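Student:
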Amino acid sequence: MHFDDTIAAIATPLGEGGIGIVRVSGPAAQPIGLKIITDMKRKPFPEIKERVVYHGLVYDPDRQKPLDEVLFFYLKKPKSFTGEDTLEIQAHGGMYLLSKILELVLNNGARLAEPGEFTQRAFLNGRIDLVQAESIIDLIRAKTEKAHELALAQLTGKTTQTLAEIESELYQILITIEAALDFPEEGIPEIQKEQLLSQASALHRKLVSLLEGIDEGRKLREGIRLVIVGRPNVGKSSLLNEMLQEERAIVTPIPGTTRDVIEAPLQLRGVPFWLIDTAGLRETEDLIEQMGITKTEANIAQSDLILLMFDGSQPLTAEDRQIIAKLKDRPVLAIINKTDLPQVVRKEDLPEFTSDRIIEISLHSKSGLKELQERIIALVGLGDLKLDDRPLLSRIRHKQALEKAVSALAEFISGLSLGRSEDLLAVDLRTCLDALGLITGKNVSSEVIQGIFAQFCIGK
Ligand SMILES: Nc1nc2c(ncn2[C@@H]2O[C@H](COP(=O)(O)OP(=O)(O)OP(=O)(O)O)[C@@H](O)[C@H]2O)c(=O)[nH]1
Ligand SMILES: [Mg+2]
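Counting in our numbering, the final residue of the sequence shown is number 449, and the numbers go up one at a time with none missing.
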C-alpha cells in the first residue's frame, strides 16, 4: 500500500524527560528534515543521508531562531518500522519544546498521526501481520515477566511464522483440489488422497493446539482472575491484604464489612494475577449489601480460580453449604481459615473438595500461606510455563477465528474421506483460509483494523 500523506507525532510520554522524540513517516519526511533542521552553524544541510545520526538545530525559519539542539536520523523506505521514509528527531524532553517542534513539522508538510497510525502503516505496508501489531500494545502494557515474554514471542514472529506455514500448506492442498476440479472424470487418485488426508490432519492438530493455548495466552496477557468468596467474616479481606502485603481492604469483626468489589493486581512468579475481594455471600435485607452480592456473582462467573474461604473456628452454616453448591461446577480452592483458634471445621468436613483443592491456613498466625501460594500456582497451571518453545495466540478475536478454521478443516477432512465432490472440498478449505486471514489480518474488515489500532497511544 502507498500513502501520499506524511504523519507525525510525539512518540515519547507527555512530561519532562532527558530526551523526547518526534517521529515523522511518509514521503515528506526527508524534505521536512531539510527544511526545519540546520547544522550547528545554522546552515542548511545539503542532503540527509539515510542511517546516519546527525547533530543539528531545529530551526524555525519564520521566526529566524533555533528551538533546540537535536540528534536526528533518516530511514529510507522500505527499511523502517512503517515501511516508509521516516525521520526521527531526538530533542530535549520538554512538553513545550516538543509541541513546538511538532508544530513546525506539521506546518511543513505533515499531519498529526492518529493513535497507532505508525503501527497501522507498518501493518498495511506488510512489515508486520496483525498478531504482531497487537503484540506491540501488549509489550507496551506488560507489567510482569510472563506477559512480557508472551508479547515479545508474538512480536518476534513465532506465531506469525507458524500461521504462515499452515496457510501455505493449506494453499498447496487447495491447488491440488482445484487441479482435480479441472478433470472431474478422473477425481483425486487414491494415493494422493491418502497423502492429502494425512497432511490435512497434521494441520488440524496444529490448529487445535493453537486453540488450546489461547486461554493460557489470554491469562498471561490480561492476568489470572482469583476471586475470594465466602460467607461474611471468614477472613476474605484479611487474605487480600496479606497477599498484597498492604492494608488495602477494611477488616473488622463485623460481618458484612466489605460491600463493594475490591480488585488489585498481583504478581506471582512473574505471572500476572488479579486478586478480587468480594462481599460475603448471605441472605440480607440490606440494599447495599445485596448489590455487593450481585457483583460478587458476576465476578464468580469471570473467575479463573475461586478461593472459597471458611471460618475453621465456627461450625459450617447453611450459607457455607449454599455457596459450595453454587460453585460446584467452577474451579475452586477451598481455604479453611483461622486455624489459630480452636478448630471446629476440618478438611474431612468438606468431602466435596479433593485433597489438592483444600488447605488450612491462619491469617493471624501466618501459617499455611506459602503452601497456599504454591497451590494457587499449581492449580492455574502456569508455574513452569515456557513460552519460547511454542506459538501462542491470546485474544478472543483469535479464538473465534481459530474455532472457525478448525471446524472448516475438520469438514474438509471428513469430506475428503467420504469422497465428497472437489468443489465442496475447495469451499471448506477456503473457509479455513479466510478464518486464518482474520487472525493474520489478510482478510479483515477496516472496522476491525481501526478498532485494534484505536487502542494504541499516539506516536506508536
Ligand atoms: N483468629 C483469627 N481471626 C481472623 C483470621 N483472619 C481474619 N480474622 C478476623 O476475622 C474478622 C473478619 O475478617 P475480614 O477479613 O474482614 O472478613 P471478611 O470475610 O472480609 O468479612 P466480610 O467483608 O464481612 O464478608 C476480623 O476481625 C479479622 O481480624 C485468622 O486467621 N484468625
Ligand atoms: Mg471483607
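Ideal Cβ positions, reconstructed from N, Cα and C, are used throughout, including at glycine. Note that the structure is a prediction, hence the values are computed from the model and not measured.
Just curious, the alpha helix (DSSP H) that Arg364 is in, first and last residue?
Tutor: First-last of the alpha helix (DSSP H) with Arg364: 358 to 369.
Student: Val47 by DSSP, collapsed to three states: which one?
Tutor: Reduced to three states, the DSSP call for Val47 is strand.
Student: Runs of 3 residues minimum, wholly inside the region 246 to 313: which ones carry the beta strand (DSSP E) assignment?
Tutor: Runs found: 251 to 257, 260 to 266, 294 to 300.
Student: Excluding the 5 residues preceding and the 5 following Asp120 in the sequence, name in chain order all residues of the same chain whose CB lies nearer than 6 Å to its CB.
Tutor: The displayed chain sequence assigns Val, not Asp, to residue 120. Taken in chain order, the residues that qualify are Gln143, Thr148, Thr149.
Student: What number of angstroms, rounded off, separates the C-alpha of Glu134 from the C-alpha of Ser410?
Tutor: C-alpha separation (whole angstroms): 50 Å.
Student: Which whole-angstrom value is the C-beta distance of Gly15 and Ala99, which I expect to be below 8 Å?
Tutor: Going by Cβ atoms, the distance from Gly15 to Ala99 rounds to 7 Å, so yes, they are a contact pair.
Student: Measuring CA to CA, which of Asp51, Glu138, Lys32, Gly22 is closest to Leu60?
Tutor: It is Gly22 whose Cα lies nearest to the Cα of Leu60.
Student: Can you tell me the Cβ-Cβ gap for Ile347 and Ser356, rounded? I've got them flagged as a contact below 8 Å.
Tutor: Ile347 to Ser356, Cβ: 15 Å. No contact.
Student: Where are the alpha helix (DSSP H) runs, 4 residues long or more, that stay fully inside the region 26 to 102, in chain order?
Tutor: Those alpha helix (DSSP H) runs which fall completely within the region 26 to 102 and span 4+ residues are 84 to 96.
Student: What number of angstroms, rounded off, separates the C-alpha of Ile166 from the C-alpha of Ile177?
Tutor: Ile166 and Ile177: Cα-Cα distance of roughly 8 Å.
Student: When DSSP labels each residue in this structure, what does Ala(-2) get in the three-state scheme?
Tutor: Ala(-2) falls in the strand class under three-state DSSP.
Student: Pick out the complete alpha helix (DSSP H) segments inside the region 178 to 249, 4 residues or longer, and give them in chain order.
Tutor: Qualifying alpha helix (DSSP H) stretches, in chain order: 179 to 211, 225 to 233.
Student: Taking Glu349 as part of the beta strand (DSSP E), name the residues at either end of that continuous run.
Tutor: Per DSSP, Glu349 belongs to the beta strand (DSSP E) from 347 to 349.
Student: Taking the alpha carbon of Leu296 as the reference point, which residue from Lys32, Asn326, Arg271, Ala140 has its own alpha carbon closest?
Tutor: For the residues Lys32, Asn326, Arg271, Ala140, the minimum Cα distance to Leu296 belongs to Asn326.
Student: For Gly72, I'd like the list of residues in its chain whose CB is within less than 8 Å of its CB, leaving aside the five on either flank, ordered along the chain.
Tutor: If we look at Gly72 and ignore the five residues flanking it on each side, its Cβ neighbours are Lys66, Arg110, Ala111, Asn114, Gly115, Arg116.
Student: Would you mind reading off the limits of the beta strand (DSSP E) that contains Gly404?
Tutor: Unbroken run through Gly404 is the alpha helix (DSSP H), 385 to 407; no beta strand (DSSP E).
Student: My assumption, with CB atoms under 8 Å, is that Leu199 sits in contact with Leu398. Please give the rounded CB distance.
Tutor: Their Cβ separation, rounded to whole angstroms, is 12 Å, which puts Leu199 and Leu398 out of contact at 8 Å.
Student: Starting from Thr11, trace the beta strand (DSSP E) in both directions and tell me its first and last residue.
Tutor: Per the sequence shown, residue 11 should be read as Val rather than Thr. Note, Val11: beta strand (DSSP E), 6 to 14.
Student: Using beta-carbon positions only, say whether Leu209 and Leu391 come within less than 9 Å of one another.
Tutor: No, Cβ-Cβ distance for Leu209 and Leu391 is not below 9 Å.
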